[in-house]
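If you use the working numbering, the sequence shown corresponds to residues 14 to 375, in order.
Note that the Cβ used here is the ideal one computed from N, Cα and C, for glycine as well.
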Amino acid sequence: MTLMSLCGKIMGGMDTKVISINEDNIDIRLMEEAGDIIRSGGLVAFPTETVYGLGGDALNPMSSRKIYAAKGRPSDNPLIVHVADMESVESIVTSVPDKARVLADKFWPGPLTIIMNKSDKVPYETTGGLDTVAIRMPVHKTALAFIRASGGYIAAPSANLSGRPSPTAVRYVKEDMSGRIEMIIDGGDVPIGLESTIIDLSGDVPMLLRPGFITLRMLEDAIGHVETDPTIMSGDCKERPKAPGMKYRHYAPKGDLVIVDGARDAVIDHINAHASEEAGSGGKVGIIATDETEDLYRTGTVKSVGHRQDESMIAHRLYTILREFDDEGVTKIFSESFDSDGMGQAIMNRLLKAAGHQVIKV
Ligand code: AMP
Ligand code: MG
């Protein structure tokens, strides 16, 4: 027994089995074992191309309840149902809108979640009491094999404790979920590192609820005009996000995070001045920089998210850096700001949430 599973056993009571799956040579026997756990109402964490998911049987209300309990997640925050084929989609919605078919053809399997009106087959425990259901068909081969082995419908939020950054590597899943669930499927690091784009097609006007790897431009190229939920980039608490989960202070690191926005040199000067002040009064400082600027900071632990131009890399590194700062006991984090076009919209959306919308303009 590993130290991690021993701690899990002492704290949570359950012994969590960890299996390793190679996406290019999937062990069918192990997949069936994971599928059996789901069919009997248990929970299994699994890799996807976005982040690790915490899976249960989407059609079993008890499984959804267990997911909320394992994560410590409020039960009005609906779960995304993961499927492996279009037939499964047809059976859990009242009808598939034309625009959903166009998006499915273009982006599925892949990092896009589509909200449609649910059929009676989906329990309200899974949709947080809503008459709509969020559906995604992941492209990760292990995720697809796991969904098929489990009966076809996996409800899965990200496999982190509520309020922590979504896990991009299995060590973070173990940190948060050992002792709380039956199994963790180790599939190595995830390729994208940010949660799926969410689009709502349940009403008359398509609405972007959460930005992600599939950008607004890509969606509009496929189906024409898409409205954007105004709360995506605003910290205004009076507005209510259309995706119930987006109202919570998600993705929060343990340290106090502030984004500094402005011209490059002014940002660097501001961070240097305040970082040394913070360190002087006993704080442990972390700085989120880029390859272009990392050598220009003088205080604290400086981590680069990558080149400014390489948004995929920035998206991929962001949660890992936040988790690393947690592990290092950082109490104050300063971050540079990023463009909010294209994938930058997803990066800034997550960063703003992690910072509780604390932005300093310089
Ligand atoms: P996570 O599972 O952590 O990736 O979060 C799922 C996100 O999808 C949350 O922000 C939910 O509020 C949102 N979501 C899931 N189902 C629906 C739905 N039927 N309507 C609106 N938002 C949804
Ligand atoms: Mg999440």
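Could you tell me the boundaries of the beta strand (DSSP E) in which Ser33 lies?
30-33
Taking the alpha carbon of Asp278 as the reference point, which residue from Asn362, Ile205, Lys374 has its own alpha carbon closest?
Lys374
Sort Glu138, His329, Gln322, Thr344 by Cα distance to Gly391 and report the nearest one.
What the structure shows of the chain is the stretch from 14 to 375, and residue 391 is not part of that stretch, so it cannot be assessed.
Going by CA-CA distance only, name the one from Pro254, Ser175, Asp352 that's closest to Ile272.
Asp352
Examine chain C for any beta-carbon lying closer than 8 angstroms to the beta-carbon of Ile300, and answer yes or no.
Looking at the structure shown, chain C is missing, and only one protein chain is on hand.
Please determine, among Asn362, Gly275, Gly55, the residue with the shortest C-alpha to C-alpha distance to Ile245.
Asn362
Note down the Cα distance separating Met14 from Ile32, rounded to an integer number of angstroms.
Any reading at Met14 is ruled out, since the residue's pLDDT is 49, under 50, leaving its predicted position unreliable.
Inter-stretch contact (C-beta, 8 angstroms, three-pair minimum) for the segment 225-233 and the segment 111-127
yes
What number of angstroms, rounded off, separates the C-alpha of Val95 from the C-alpha of Gly237?
Residue identity check: residue 95 is His in the sequence provided, not Val. Rounded to the nearest angstrom, the two C-alpha atoms are 26 angstroms apart.
Note down the Cα distance separating Gly141 from Ser317, rounded to an integer number of angstroms.
38 angstroms
Alpha carbon of Met356 to alpha carbon of Leu270, nearest angstrom
21 angstroms
Would you mind giving the Cβ-Cβ distance between Pro219 and Lys112, rounded to the nearest angstrom? I have them listed as a contact below 8 angstroms.
6 angstroms
C-alpha gap between Thr4 and Asp213, whole angstroms
For the chain, the structure presents residues 14 to 375; residue 4 sits outside this window and is missing.
Apart from the five residues just before and just after Lys134, which ones in its own chain have a Cβ nearer than 7 angstroms to its Cβ?
Leu72, Ser104, Ile105
State buried or exposed for Gln322, treating a residue as buried only when at least 16 other CB atoms are found within 10 Å of its CB.
exposed
Alpha helix (DSSP H) segment containing Ile41, residue limits:
41-52
Does the beta carbon of Lys297 fall short of 7 angstroms from some heavy atom of the ligand AMP?
no
May I ask you to report which of helix, strand or coil DSSP gives Ile197?
strand
Return the chain-ordered list of same chain residues with a C-beta closer than 7 angstroms to the C-beta of Thr63, the five sequence neighbours on each side being excluded.
Pro124, Val203, Ile205, Leu207, Glu208, Ser209
Going by DSSP, what residue range makes up the alpha helix (DSSP H) through Lys79?
74-84
C-alpha gap between His283 and Asp199, whole angstroms
41 angstroms
Give me, in chain order, the residues of the same chain whose beta-carbon lies closer than 8 angstroms to that of Ile128; leave out the 5 immediate sequence neighbours on both sides.
Thr145, Val146, Ala147, Ile148, Ile211, Ile212, Asp213, Leu214, Ser215, Leu222
Taking only the alpha-carbon atoms, compute the straight-line gap between Ala377 and Gly275 and give it to the nearest angstrom.
The displayed coordinates of the chain run from 14 to 375. Any statement about residue 377 would go beyond what the structure contains.
Let me check you understand the geometry: is the CB of Arg177 closer than 7 angstroms to at least one non-hydrogen atom of the ligand AMP?
no
Using only the heavy atoms of the ligand AMP, determine whether one of them is closer than 7 angstroms to the beta carbon of Val203.
no
Boundaries (first-last residue) of the beta strand (DSSP E) holding Asp9
One cannot answer for residue 9 here, as it falls past the ends of the chain, which runs 14 to 375.
Given 8 angstroms as the limit, is there contact between the segment 149-166 and the segment 47-63, that is, 3 or more CB pairs closer than that?
yes
For Arg223, write down the residues that DSSP places opposite it in a beta bridge.
Ile211
What does DSSP give as the partner residues of Lys131 in its beta bridges?
Val106
What residues are listed by DSSP as bridge partners for Lys345?
Asp269, Val298
Say the cut is 7 angstroms; is the CB of Glu188 nearer than that to a heavy atom of the ligand MG?
no
Give the C-beta separation of Ser348 and Ile301 to the nearest angstrom, bearing in mind that I take them to be a contact with Cβ-Cβ under 8 angstroms.
4 angstroms
Would you list the residues sitting across from Thr126 in a DSSP beta bridge?
Arg149, Ile211
What residues are listed by DSSP as bridge partners for Asp274?
Lys374
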